[in-house]
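To start, the structure under review is shown below, and the notes come after it.
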Amino acid sequence: MVRERKLQFPEGFLWGTASSAHQCEGGNLNNQWYRWEQQGRTLTGERSGVAANWWQQAERDFELAEQMENNALRLSLEWSRIEPEEGRWDESALERYRALLTDLRRRRMTPLVTLHHFTDPLWFSERGGFELEENIRYFVRFVRFVVGRLRDLCSFWLTINEPNVYAFLGYLTGEFPPGERSALRALRVLRNLMAAHVQSFYAIREWQPEGKIGYCLNYRLLDPFRSYSPLDRVVASLQDTFFNWLALKLAEGKPVGFPLSFALPVLPRAAGARDYHGVNYYTRDLVVFDPRRPGELFGRRFPCPGAPMQDPGQAGYFGEVYPEGLYRVLQLVYRRTRGNKPLYVTEHGLNDVEDRLRPRAILEHLAMLHRAIREGLPVRGYFHWTLVDNFEWNEGWGAHFGLVELNPQTQERRPRPSASMFGEICRANAITESIVERYAPEAAATIFGSAAATSLGARVLT
Ligand code: BGC
25 MVRERKLQFP
35 EGFLWGTASS
45 AHQCEGGNLN
55 NQWYRWEQQG
65 RTLTGERSGV
75 AANWWQQAER
85 DFELAEQMEN
95 NALRLSLEWS
105 RIEPEEGRWD
115 ESALERYRAL
125 LTDLRRRRMT
135 PLVTLHHFTD
145 PLWFSERGGF
155 ELEENIRYFV
165 RFVRFVVGRL
175 RDLCSFWLTI
185 NEPNVYAFLG
195 YLTGEFPPGE
205 RSALRALRVL
215 RNLMAAHVQS
225 FYAIREWQPE
235 GKIGYCLNYR
245 LLDPFRSYSP
255 LDRVVASLQD
265 TFFNWLALKL
275 AEGKPVGFPL
285 SFALPVLPRA
295 AGARDYHGVN
305 YYTRDLVVFD
315 PRRPGELFGR
325 RFPCPGAPMQ
335 DPGQAGYFGE
345 VYPEGLYRVL
355 QLVYRRTRGN
365 KPLYVTEHGL
375 NDVEDRLRPR
385 AILEHLAMLH
395 RAIREGLPVR
405 GYFHWTLVDN
415 FEWNEGWGAH
425 FGLVELNPQT
435 QERRPRPSAS
445 MFGEICRANA
455 ITESIVERYA
465 PEAAATIFGS
475 AAATSLGARV
485 LT
């Protein structure tokens, strides 16, 4: 009998989807993103409205995740609901979150709770938000409060989602609120966010010595267009350092080096402040030297010509589908942190309304994740972005990252083929030959090629 080829994941591997409050809940009228929407500053002019209506009915989508046999789910708490005015706590909001977490646990899904996912209460923004170091205490107070109240239902926390995206898009390129364009301010915000993470880590640790506490960054690979060109290599590496690695250095309590060390001094107590590293990976860019772009460190970015591309958005492309990038990013984070903590893929996904690339993309990215595990990397879970189409920030309703399609007008759901495929993978805790044959037979060679079919079933990675 011929044994079926498969990529088996380690026992206890976490399988889930990731989402955020503002993008899913609906009715969030008290944060800076709502104001941005009201000011007509999203690219489509759309507003989040009822979003995916999670504030009323998240349980309906949790049921879909349960049917997919996900054993985890990442969601975020909306600070502006829980503390609508400075120092005033809304018990009914907390109750709703308690109900959501209870529901997840009942369905045997481990909640991973993000405490900050891009949104700030208006009162906090009006005080200067994360630009001011003295405001960090407000966030840490919120964290202490909310973890104290929810710690019986959750012990897996993600403090701040993608500080690099929040800081650079909000304060350097001006694409996100507050729409500023200043490198110095962006660096200050980045440092304050990482400091907020560190302080939150210790605040949570006090409540929950056994809790699992981390953060996540967005890693975008930036490769030189012509690897033989020193200029392309220098500008690609500058952008790479700036976008990807400054934040990780801060998180690790390491010096960032001259001259940036003036703006980003070493963060005290950062070195021990995480139980895992969260990796969000979507795509890569190629970078070519361009003297007309001083604001982008003299590098022009574009996707690899001829590569499979996600659906485009209003702001341009969402990027190439590049599975090997996940492997490379995991390796880079592991090496740069000297393997000091386990890794979780806290987001990966693609904008693909027709599901034309998603099944194959998921399979190939997971094969790369499996390769990383085979080579000894402690990768403990994968959270696909996202469960149900949701409100994609500036791109509004024009982006479709869901395993499940959503019609925001009627709130009708329709699982894409990827949803049933993801369910089969989670159920098997493996990529099997039969799954590949049914969903993306053309990918069988890349998935099961070379030594890829080694079984990890018996190996317990701690
Ligand atoms: C963010 C999500 C966003 C996703 C897709 C991530 O960087 O954390 O909020 O929806 O990218 O663009």
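Quick note, this note's numbering runs 24 ahead of the 1-based positions in the sequence shown. We put the CB at the ideal spot given by N, CA and C, even for glycine.
Any non-hydrogen atom of ligand 1 within 6 Å of Ser100 CB: Taking the first residue of the sequence shown as position 1, residue 100 is located at position 76. Ser100: no, Cβ never under 6 Å from ligand 1.
Looking at Asn94: is its Cβ nearer than 7 Å to the Cβ of Met133? By one-based count along the sequence shown, residue 94 stands at place 70. By one-based count along the sequence shown, residue 133 stands at place 109. Result yes, Cβ atoms of Asn94 and Met133 sit closer than 7 Å.
Say yes only if the C-beta of Ser44 is nearer than 6 Å to one or more non-hydrogen atoms of ligand 1, and no if none qualify. Locating residue 44 in the sequence shown gives position 20, where the first residue counts as 1. For Ser44, the CB falls within less than 6 Å of some heavy atom of ligand 1.
Which residues bound the alpha helix (DSSP H) around His140? Taking the first residue of the sequence shown as 1, we reach residue 140 at position 116. His140: not part of any alpha helix (DSSP H); DSSP gives it neither H nor E.
Is the stretch 91-108 close to the stretch 136-145, with three or more CB pairs under 8 Å? yes
Compare the Cα-Cα distances from Gln81 to each of Val311, Gln63, Tyr121, Asp114 and report the closest residue. As a working mapping, residue 81 is identified with position 57 in the sequence shown. Closest by alpha carbon: Tyr121.
Grab me the residues of Glu466's own chain with a C-beta within less than 6 Å of its C-beta, minus the 5 sequence neighbours each way, in chain order. In the sequence shown, residue 466 corresponds to position 442, counting from 1. If we look at Glu466 and ignore the five residues flanking it on each side, it has no Cβ neighbours.
Cβ-heavy atom distance, Asn159 to ligand 1, below 6 Å: Taking the sequence shown and counting its residues from 1, the one referred to as residue 159 is at position 135. No - ligand 1 has no heavy atom lying nearer than 6 Å to the Cβ of Asn159.
Kindly indicate which residue of Tyr195, Val137, Pro283, Ser253 has the alpha-carbon position closest to the one of Leu177. The residue given as residue 177 occupies position 153 in the sequence shown. Residue Val137 is the option with its Cα nearest to Leu177.
With DSSP run on the structure shown, which of helix, strand or coil describes Pro547? The first residue shown for the chain is 25 and the last is 486, placing residue 547 beyond what the model contains.
Based on Cα-Cα distance, which residue from Ala391, Asn453, Ile228, Arg380 lies nearest to Phe425? Within the sequence shown, numbered from 1, the residue matching residue 425 stands at position 401. Nearest option by C-alpha distance: Arg380.
Could you name the residues that DSSP lists as bridge partners for Arg437? As a working mapping, residue 437 is identified with position 413 in the sequence shown. Leu430, per the DSSP bridge assignment.
Under the three-state reduction of DSSP, which class applies to Leu374: helix, strand or coil? Within the sequence shown, the letter at position 350 stands for residue 374. In the structure shown, Leu374 sits in coil (DSSP, three-state: anything other than H, G, I, E or B).
To the nearest angstrom, how far is the alpha carbon of Ala219 from that of Leu211? Here the question's residue 219 lines up with position 195 in the sequence shown. Here the question's residue 211 lines up with position 187 in the sequence shown. Taking the straight line joining both Cα atoms gives about 12 Å.
To the nearest angstrom, how far is it from the Cα of Ile160 to the Cα of Phe154? The count along the sequence shown starts at 1 and reaches residue 160 at position 136. The count along the sequence shown starts at 1 and reaches residue 154 at position 130. For Ile160 and Phe154, the distance between alpha carbons rounds to 7 Å.
Between the Cα of Leu310 and those of Val280, Asp264, Arg437, Gln223, spot the shortest distance and give me the residue it belongs to. As a first step, residue 310 must be located in the sequence shown, where it is residue number 286. The residue from Val280, Asp264, Arg437, Gln223 with its alpha-carbon nearest to that of Leu310 is Asp264.
Arg65, enclosing alpha helix (DSSP H) - first and last residue: Mapped onto the sequence shown, residue 65 falls at position 41. Here Arg65 belongs to no alpha helix (DSSP H), and DSSP marks it neither H nor E.
Using three-state DSSP, classify Ser104 as helix, strand or coil. Position 80 of the sequence shown, counting from 1, holds the residue named residue 104. Of the three classes helix, strand and coil, the one that applies to Ser104 here is helix, per DSSP.
Using only CA atoms, which one of Asn242, Thr410, Ala423, Glu371 lies nearest to Leu214? Start at 1 with the first residue of the sequence shown, and residue 214 comes out as number 190. Considering only alpha carbons, the answer is Asn242.
Flag Glu49 as yes when its Cβ comes closer than 6 Å to any non-hydrogen atom of ligand 3, and as no otherwise. This structure does not include ligand 3; its bound ligands are ligand 1.
Straight-line CA distance for Ser224 to Leu99? Looking up residue 224 in the sequence shown gives position 200. Looking up residue 99 in the sequence shown gives position 75. Cα-Cα distance, rounded: 18 Å.
If I'm right that Ala391 touches Thr470 with Cβ under 8 Å, what's the distance once you round it to whole angstroms? Indexing the sequence shown from 1 puts residue 391 at position 367. Indexing the sequence shown from 1 puts residue 470 at position 446. Right, their Cβ atoms sit about 7 Å apart.
Between the C-alpha atoms of Gln62 and Gly152, what's the straight-line distance to the nearest angstrom? In the sequence shown, residue 62 corresponds to position 38, counting from 1. In the sequence shown, residue 152 corresponds to position 128, counting from 1. For Gln62 and Gly152, the distance between alpha carbons rounds to 20 Å.
Taking the alpha carbon of Gly363 as the point to measure from, which residue in Arg298, Tyr463, Val377 has its own alpha carbon closest? Here residue 363 corresponds to residue number 339 of the sequence shown, with the count starting at 1. Checking every option, the nearest Cα to that of Gly363 belongs to Arg298.
Of the choices Asp85, Asn453, Gly238, Asn52, whose alpha-carbon is the least far from that of Trp181? Mapped onto the sequence shown, residue 181 falls at position 157. The residue with the shortest Cα to Cα distance from Trp181 is Gly238.
Pairwise C-alpha distance: Trp57 and Gly330: Stepping through the sequence shown from its first residue, residue 330 is reached at position 306. Stepping through the sequence shown from its first residue, residue 57 is reached at position 33. Gly330 and Trp57: Cα-Cα distance of roughly 35 Å.
Other residues of its chain near Asp127: CB distance less than 7 Å, five sequence neighbours each side excluded: On the sequence shown, residue 127 is found 103 positions in, with the first residue counted as 1. Hits under 7 Å: Glu83, Phe86.
In whole angstroms, what separates the C-alpha of Ser43 from that of Ala89? As a working note, residue 43 is residue 19 in the sequence shown. As a working note, residue 89 is residue 65 in the sequence shown. Rounded to whole angstroms, Ser43 to Ala89 spans 12 Å at the Cα level.
Just to check, is the beta-carbon of Glu416 closer than 6 Å to a non-hydrogen atom of ligand 1? Here the question's residue 416 lines up with position 392 in the sequence shown. Glu416 Cβ: within cutoff of ligand 1.
Residue from Leu401, Gly373, Ala191, Trp103 with nearest C-alpha to Glu388: Translated into positions along the sequence shown, residue 388 becomes position 364. Answer by Cα proximity: Gly373.
Can Glu186 be considered in contact with ligand 1, in the sense that its beta carbon sits closer than 6 Å to one or more heavy atoms? One-based indexing of the sequence shown puts residue 186 at position 162. Yes, since a heavy atom of ligand 1 falls inside the 6 Å radius drawn around the Cβ of Glu186.
Contact test: Asn242 Cβ vs ligand 1 heavy atom, cutoff 6 Å: For this step, residue 242 is matched to residue 218 along the sequence shown. Asn242: yes, Cβ under 6 Å from ligand 1.
Quick one: residues in its chain with C-beta nearer than 7 Å to the C-beta of Thr486, no 5 flanking neighbours on either side, listed in chain order? Counting from one through the sequence shown, the residue named residue 486 turns up at place 462. Residue confidence for Thr486 is low, a pLDDT of 26 falling below 50, so the modelled location carries little weight; the figure read from the coordinates is stated next. Cβ neighbours of Thr486 beyond the five flanking positions: none.
For Leu88, does the three-state DSSP call read helix, strand or coil? Position 64 of the sequence shown holds residue 88. Correct three-state label for Leu88: helix.
Give the secondary structure of Thr307 by DSSP, where H, G and I count as helix, E and B as strand, and everything else as coil. As a first step, residue 307 must be located in the sequence shown, where it is residue number 283. DSSP places Thr307 in strand when its eight states are reduced to three.
For Gln47, which of helix, strand or coil comes out of DSSP? Counting from 1 along the sequence shown, the entry for residue 47 is found at position 23. Note: Gln47 maps to helix in three-state DSSP.
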